[in-house]
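Residue numbers (the working numbering): 575 to 1056.
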């Protein structure tokens, strides 16, 4: 039965002709698996040979002697194209990276204009990168004595051209004024009773140096910080070791200056903590604003003084149950300002009977008034702290080596601007009092001691710097505070 089945399977199995080395194998023969693998390999070899011979026959059939070379060149060409595609792909990738980088750069927020820190530390020139600084309060000039309006100046093309020609000068004043505004705003945020006067002045001056970006004689403080108390009206700043402490009942005049290229801002205000002095401050502030309002081109200085006196004496103040008429301090004045020169020659009185000299176009003035509950006259008192080199002094022979050295220090650091003993200490100078006295005796340096009214009285001060521009009057130091 088994033989019959095997025979039937052999009959059903399709006849296969296997060619191995050109010989036919008998049908139905069992094959070893290893022989099958060898046969498959041989078949692949034969296929490869057949493909190669077909290529050769094709080349010969075309009659081309360089057929094989053409095939090789085609392969090389294909390889070059593939390579170029790869390089293009790399370049595209690089571009993609660059574009991604560009996108990242776009995503980065552009740095906007700087803003002031708290406490202030960013220089004003950095806050305004365009170097165009805020203008002060622009006012029309007062009418002339015959009633003619000065409004024509604002529309005159000639005056506009003249104004534009001096824009760089006005801009220096505005930069210094902006520094002054920000410093005094900062001072009012921390000034309080219990602080020593040295602490107050040094903190104020440190901030002012940063905002003005102190740079030798080109930018810096125009004069020492005045912090005169009560009956002392002006020119007091503490010397080293001064133990004076600000009290709740004190009336403190803060008077400090800044400058850019010698264009000085001279501006002052009065600070009190006890409201009983409010009327005194109101009187002096009103008088100062009156002086500013009256000032103008071709205005007589004596007329300004008369107007100031009239306004100030219209006020009365009650302090500790006693009523006082507010008196203008007759021997203190406003003044013209020159480049690197705080007092340029003209004085603006605060009482009637002064000079009939007129203000002129292009001049700069400090309009300041002082009110007092005392006699209304000041005199030298207390230890001197303010000094200033004489602007008009010529060559004076100096014999003392220490005095020569001190004069060199003054010339290099202050020029013809005012300075104080604390500033000499800050520069590392020591044992200079004899040399300083020698320079004062020779008339090279002038001392400016504190100016005081009668003991027990109170004095107040307000001051602004004004520019008499061809087109208008600019109260360049005006701020939101006063």
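Glycine included, every Cβ here is placed at the ideal spot set by N, Cα and C.
Simplified DSSP assignment, three categories, for residue i
| i | result |
| --- | --- |
| residue 736 | helix |
| residue 571 | Here the chain comprises residues numbered 575 to 1056, so residue 571 is not present and cannot be evaluated. |
| residue 713 | strand |
| residue 796 | strand |
| residue 886 | helix |
| residue 927 | coil |
| residue 789 | strand |
| residue 971 | coil |
| residue 876 | helix |
| residue 728 | helix |
| residue 960 | strand |
| residue 818 | coil |
| residue 811 | coil |
| residue 1003 | coil |
| residue 866 | helix |
Residue i, enclosing beta strand (DSSP E) - first and last residue
| i | result |
| --- | --- |
| residue 1046 | Segment: none, residue 1046 is in no beta strand (DSSP E) and carries neither H nor E. |
| residue 917 | Here residue 917 belongs to no beta strand (DSSP E), and DSSP marks it neither H nor E. |
| residue 1018 | Note, residue 1018: premise wrong, no beta strand (DSSP E); not H, not E. |
The alpha helix (DSSP H) enclosing residue i, as first and last residue numbers
| i | result |
| --- | --- |
| residue 760 | 741-764 |
| residue 771 | 771-786 |
| residue 937 | No alpha helix (DSSP H) holds residue 937; DSSP gives it neither H nor E. |
| residue 900 | Note, residue 900: premise wrong, no alpha helix (DSSP H); not H, not E. |
| residue 948 | Premise fails: residue 948 is in no alpha helix (DSSP H) and is neither H nor E. |
Alpha-carbon to alpha-carbon, residue j and residue i
| i | j | result |
| --- | --- | --- |
| residue 696 | residue 865 | 34 angstroms |
| residue 707 | residue 898 | 43 angstroms |
| residue 1041 | residue 828 | 22 angstroms |
| residue 974 | residue 1020 | 18 angstroms |
| residue 1024 | residue 797 | 14 angstroms |
| residue 867 | residue 841 | 16 angstroms |
| residue 993 | residue 958 | 11 angstroms |
| residue 782 | residue 986 | 20 angstroms |
| residue 980 | residue 1013 | 9 angstroms |
| residue 862 | residue 772 | 28 angstroms |
Beta-carbon proximity list for residue i, same chain, < 6 angstroms, skipping 5 on both sides
| i | result |
| --- | --- |
| residue 670 | Unreliable placement is indicated for residue 670, whose pLDDT of 48 sits below 50; no coordinate value is reported for it. |
| residue 901 | 946, 950 |
| residue 788 | 794 |
| residue 989 | 791, 914 |
| residue 923 | 879, 907 |
| residue 1082 | The chain is shown from 575 up to 1056; residue 1082 falls before or after that span and cannot be answered. |
| residue 956 | 1024 |
| residue 921 | 907, 909 |
Cβ shell of residue i (< 7 angstroms), same chain only, five flanking positions each side left out
| i | result |
| --- | --- |
| residue 712 | 1046, 1048 |
| residue 1030 | 805 |
| residue 760 | 693, 694, 781 |
| residue 765 | 774, 845 |
| residue 753 | 698, 782, 785, 786, 832 |
Close Cβ partners of residue i (< 8 angstroms) along its chain, the five nearest in sequence each way excluded
| i | result |
| --- | --- |
| residue 1017 | 964, 967, 970 |
| residue 890 | 853, 897, 898, 899, 900 |
| residue 721 | none |
| residue 717 | 723, 724 |
Report yes or no: do three or more beta-carbon pairs, one from the region 1031-1049 and one from the region 959-970, lie closer than 8 angstroms?
no
The region 922-933 / the region 855-875 touching (three or more Cβ pairs under 8 angstroms):
yes
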